[in-house]
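Report on the following structure.
In the working numbering, the protein residues as written are 55 to 433.
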């Protein structure tokens, strides 16, 4: 059986790329098709595959400019040719699920989210304080077309998987399709190998993620201006210049990017993780819990499925005041927290569970329509 794995773009190693890497393990002979590839930035298991790119790859500095091509990405993905494949598996949060499958092939789409920048998170990306006037005007002009394409392009998908019940609801609301939930793989091994002793010694609260608009780091920064507690911030991204400009309180410390080796130590020494976005799923809270640390999370999105009342608490409004109140509530909640509860919660979302679930979904998709030889080729 010949399998094609399709991913939006390969310019960094984040949650979507972790899913793709696990799919590479499940289908060790599959080819990869993507709009843009920056060599050397993703997992070696991905880099080792034949990677086929679109015409955008020829544009100078495309690895930095690809977001500006959003209006034409539907046409670009549709122009990419898949020939001779029996099974297409897309990993999509933008346009990958819109690729055209070959005649007779089946298409399984793993959807991280509908095109979030054009649906419910539009203002987070293109609101008055998020983008320049020309960008906002252009975004409003193309929004109806991109929403229509995002919905209609699902017609070529035979089966949809999503990373959370939260995204399953969006798929029903925006696309009118049902989807099965398969939680994404979380690399728990490097966090669970450490003992649940000597935790929280650093005394700081930790924020970790990409500096993207919807991540709402600004909420944490403003909240901790009014709190007598240290906040350490790990990450970088497109909003770095805006978020780090001007004077910041002495209790806020930016660490930039950190190595995988250092990450577990940062989690372990933190009092708690601060999680401000409405995330589609959100791997960071599970990494923190695997290290035995609690989470203070915005109470919407995937966090409601990954954080339990025993392992964290929620704030209901995406505002600095709500986060300040939650951190103060945490003072009373913290003595009842048990690190072993957090680790047990994280272990529900293992890589092995993901691989088993995807294999079962592929089996169901191919089913009786496939010959015994093709079904036997599924790992």
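In this text, a Cβ means the ideal position worked out from N, Cα and C, and glycines have one as well.
Report the three-state DSSP secondary structure of residue i (helix, strand or coil).
| i | result |
| --- | --- |
| residue 184 | coil |
| residue 105 | strand |
| residue 232 | coil |
| residue 74 | helix |
| residue 423 | The predicted model places residue 423 with a pLDDT of 47, which falls under 50 and marks its position as unreliable, so this point remains unresolved. |
| residue 213 | strand |
| residue 417 | helix |
| residue 97 | coil |
| residue 91 | strand |
| residue 173 | coil |
| residue 240 | coil |
| residue 267 | helix |
| residue 337 | coil |
| residue 227 | helix |
| residue 154 | coil |
| residue 428 | Per-residue confidence for residue 428 stands at a pLDDT of 40, beneath the threshold of 50, marking its modelled position as unreliable; no derived number is given. |
| residue 111 | helix |
| residue 254 | coil |
| residue 403 | helix |
| residue 408 | helix |
| residue 313 | coil |
| residue 319 | helix |
| residue 205 | helix |
| residue 138 | coil |
| residue 67 | coil |
| residue 433 | Summary for residue 433: the model assigns pLDDT 45, below 50, so the residue's position carries little reliability; its value from the coordinates is reported in the next sentence. Coil. |
Run through the DSSP bridge pairs and tell me what residue i is partnered with.
| i | result |
| --- | --- |
| residue 259 | 285 and 326 |
| residue 145 | 61 and 164 |
| residue 116 | DSSP lists no partner for residue 116. |
| residue 86 | 59 and 105 |
Need the endpoints of the beta strand (DSSP E) that residue i sits in, please.
| i | result |
| --- | --- |
| residue 310 | 306-310 |
Is it true that the CB of residue j sits closer than 8 angstroms to the CB of residue i?
| i | j | result |
| --- | --- | --- |
| residue 148 | residue 119 | no |
| residue 86 | residue 98 | no |
| residue 139 | residue 245 | no |
| residue 389 | residue 361 | no |
| residue 397 | residue 346 | yes |
| residue 17 | residue 412 | What is shown of the chain runs 55 to 433, which leaves residue 17 out entirely. |
| residue 75 | residue 64 | no |
| residue 256 | residue 314 | no |
| residue 208 | residue 270 | no |
| residue 109 | residue 151 | no |
| residue 259 | residue 289 | no |
If you follow the alpha helix (DSSP H) that residue i is in, where does it begin and where does it stop?
| i | result |
| --- | --- |
| residue 131 | 127-133 |
| residue 278 | 271-278 |
| residue 394 | 393-400 |
| residue 243 | 243-246 |
| residue 220 | 219-224 |
| residue 297 | 294-298 |
Beta-carbon of residue i versus every beta-carbon of chain C: anything under 8 angstroms?
| i | result |
| --- | --- |
| residue 222 | You won't find chain C in this structure, because it holds only one protein chain. |
Which complete beta strand (DSSP E) runs does the segment 345-389 hold, if anything under 3 residues is left out? Inside the segment 345-389, DSSP marks whole beta strand (DSSP E) runs of 3 or more residues at positions 349-352 and 366-369, from first to last along the chain.
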